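Numbering (this note's numbering), first residue to last: 437 to 1131.
Some notes on the structure that comes next.
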DNA sequence: TCAATCCGTATC
DNA sequence: ATACGGATTGAC
């Protein structure tokens, strides 16, 4: 092998590179010499190949510097993958902060932030998107077509993708700072008396808000208006929604307000080519706005002025790949670092959002009570199933008579009826048989659950069995598991109205919309379609299946699902929840007051030491490996260990610290992981900060 | 005393 | 991963 004689370039001859290896102890930049022929092209933010431990690996240039402080001799960059700058300084800083918060590696975060390169897309001239069809290879055609059976969802994305791609050319002329911006409309936000929020965005300020939307709100229009205000001030925006249906709606709302060519829709579902094309439109500064699913949360937009997230309680916002960052946290970190505004919106409010309000980090935007009165549906509690059994009208369909009445009334009006039925498969938790207060562990306040049907309940956090349990709220000593039979009820309901079409929307086949006529629509939570003109009635069946889930967020999540469904009712329509009104979550629904519920919920979590009032991390792996990691970890003072709890053939430990020690905890865990990877410990431990499934 | 082997460590 | 250095061990 003839050694190529290379010379370092004159100006800034050292490149600091993040190498793409997933080892915790190598999570720092490595210095390489920039050969003279790459002096101009190997810019910070480009992808490179470097020799690392005698292997060729991918990497990203973080910066170019005059000299290295490395003692040994430097290797040369092996190759510049492309001169495309895919990592902006803003995103680089964000990625480092996210890695630190989640006890992860920068390389892991960069792999989430930067989509895989697609060379052909990179080479495309700016407006050749339409003409590229003839050069498309079979693989790309395959990747780009929607999955078989994806139905309307696939078609919607297809539309979003071509709109995005086709708009690049137009954006070239329109995106300059002198371009005439459309005036933004304040009316929708004035209903919340929040016109000032939009004005601040337009004026270049960084207002931060937690927004609780009123029922039947056209939320995509509101977010689009906030984005338009930001754009009118010459800045960019990133907005994240949970799924493809929401993205499609937001995409359409933006096109209506901004026109085409000012934004792209970005989601992993686009496939590699379209995804990279949308990413490049943003990173090349062709569009000021990126909307998408969580794949878009790191999207580079020039001059970021606003980050927005809709329905931050949806667990799809949680990234399933290491280091498992949550879109809300990424976007808020981003707003903080970039000095951008933030909008955390939803019909409901998470504990995390409530914390933003209570710490003063964000202001709340809530509908005034009098406005709410004119827009809200009429929410009615229908008593619990004990009451239902005594109700003769309910006998036919095992349905509370109020629900029956509401459905009949709506159908007579030729309006559709939505029936929400919880999905099966939740981990059954146990509750007091008398007052139904969820049973909590006397030791650590974790939820009690049954591993098998006739076992003694045990704590999901610390593993202790609760032999002699006494309900703290009523003194009851009997426990019962949650049961569900609502699916059948819904089917029977359909049969009870002969001649009325029954449609279902759920795991296999999600409907985006239904027409306005009389119909019964049975849907699982999250799969509710929109109805033309709104539903005449919304029936929330089997609320106990949601409320008694073995999950820390059970009530918050139940309320979220109810409000998301209830929001689809037309103003004045009827919403029936099949339980009595004593439960706080039901009260919050009746009054359409998610803020009140979130404040209550957060206060309770503070008292019990739950997130987000405390910071938790879970360590999952073979028992020896978990113990090994903990032995190596220099945990911050006051760290509390809970567990172990068996998870399959592995086990899980929880570490809990107060919020002020969160950064120290993440650092300690990352460091300990580094000690183990340096030692080449064979058995991996999964470290999750703020794990989603905290039950 | 030397060489083969094991172990731990750094990887620009 | 993989190679390197230093330590360790075994045979002459």
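Virtual Cβ for every residue (Gly too), placed ideally from N, Cα, C.
Quantities reported herein were computed from a predicted structural model and do not represent experimental measurements.
key: Burial state of residue 848 (16 or more Cβ within 10 Å)   = exposed
task = Specify whether the region 1058-1075 and the region 1095-1109 touch according to this definition: at least 3 beta carbon pairs, one from each stretch, less than 8 Å apart.
result = yes
request  = Have a look at residue 1060 and residue 911 and give me their C-alpha separation to the nearest angstrom.
outcome  = 40 Å
inquiry  = Taking only three categories from DSSP, how would you classify residue 940?
reply    = DSSP places residue 940 within a strand segment (E or B) once states are collapsed to three.
Straight-line Cα distance separating residue 750 from residue 714 = 24 Å
Among 978, 478, 954, 1088, the one whose alpha carbon lies nearest that of residue 961 = When only C-alpha atoms are compared, the closest one is 978.
Rounded Cβ spacing between residue 695 and residue 739 (contact assumed at less than 8 Å) = Actually they do not touch by this definition, with Cβ atoms about 19 Å apart.
key: Residue from 970, 1045, 1082 whose Cα sits closest to the Cα of residue 951   = 970
query = Mapping DSSP to helix, strand and coil, what is residue 703?
reply = coil
message = I'd like to check one pair, residue 1040 with residue 774: are the Cβ atoms closer than 7 Å?
response = The answer is no: Cβ separation not under 7 Å.
request  = Would you identify the three-state DSSP class for residue 663, choosing helix, strand or coil?
outcome  = helix
ask   = Would you call the CB atoms of residue 855 and residue 1012 closer than 7 Å?
value = Taking the C-beta atoms as reference points, residue 1012 is found no nearer than 7 Å to residue 855.
inquiry  = Tell me which residue opens and which closes the alpha helix (DSSP H) that residue 768 is part of.
reply    = In the DSSP assignment, residue 768 falls within the unbroken alpha helix (DSSP H) covering 763-774.
task = Measure the Cβ-Cβ separation of residue 1001 and residue 974 and say whether it is below 7 Å.
result = Yes, these two residues count as a Cβ contact at 7 Å.
request  = Consult DSSP for residue 987 and reduce its assignment to one of helix, strand or coil.
outcome  = coil
ask   = Do you know how far the Cα of residue 529 is from the Cα of residue 499?
value = 12 Å
task = Taking 7 Å as the cut-off, decide whether the C-beta atoms of residue 1093 and residue 1051 are in contact.
result = yes
inquiry  = Taking the beta carbon of residue 871 as the centre, do at least 16 other beta carbons fall within 10 Å, making it buried, or is it exposed?
reply    = Here residue 871 is exposed, its C-beta having fewer than 16 other C-beta atoms within 10 Å.
inquiry  = Here's the rule I'm using: 16 or more other beta-carbon atoms within 10 Å means buried, otherwise exposed. How should residue 1116 be labelled?
reply    = exposed
ask   = What is the DSSP secondary structure of residue 815, reduced to helix, strand or coil?
value = strand
ask   = Are there 16 or more other CB atoms within 10 angstroms of the CB of residue 968, so buried, or fewer, so exposed?
value = exposed
task = With a cut-off of 8 Å on the beta carbons, I'd call residue 551 and residue 711 a contact; round off their distance for me.
result = 5 Å
query = Going by other Cβ atoms of all chains shown within 10 Å of its Cβ, with 16 needed for buried, is residue 997 buried or exposed?
reply = Around the beta-carbon of residue 997, 16 or more other beta-carbon atoms lie within 10 Å, marking it buried.
query = In terms of DSSP beta bridges, what is residue 716 paired with?
reply = For residue 716, which the question treats as bridged, DSSP gives no partner whatsoever.
key: CB of residue 456 within 7 Å of CB of residue 543, strictly   = yes
inquiry  = On the DSSP bridge list, what partners appear for residue 495?
reply    = 455, 484
key: Inter-residue spacing [alpha-carbon to alpha-carbon] between residue 1056 and residue 893   = Their backbone Cα atoms lie some 22 Å apart in a straight line.
inquiry  = Give me the DSSP bridge partner(s) of residue 857.
reply    = Residue 857 is not bridged to any residue.
Three-state secondary structure assigned by DSSP to residue 693 = Residue 693 falls in the helix class under three-state DSSP.
inquiry  = For residue 1082, tell me which candidate among 1109, 1054, 1073 has the shortest Cα-Cα distance.
reply    = 1054
query = Is it true that the CB of residue 782 sits closer than 7 Å to the CB of residue 1038?
reply = no
ask   = Around the Cβ of residue 491, are there at least 16 other Cβ atoms within 10 angstroms (buried) or fewer (exposed)?
value = exposed
task = Say whether the region 1012-1027 touches the region 664-683, bearing in mind that this needs 3 or more beta-carbon pairs closer than 8 Å, one atom from each stretch.
result = no
task = Since I believe residue 668 is in contact with residue 638 (beta carbons under 8 Å), could you give me their beta-carbon distance rounded to a whole number of angstroms?
result = 5 Å
message = Based on DSSP bridge pairs, tell me the residues matched to residue 644.
response = 778
task = Can you grab the Cα-Cα spacing for the pair residue 805 / residue 899, in whole Å?
result = Rounded to the nearest angstrom, the two C-alpha atoms are 45 Å apart.
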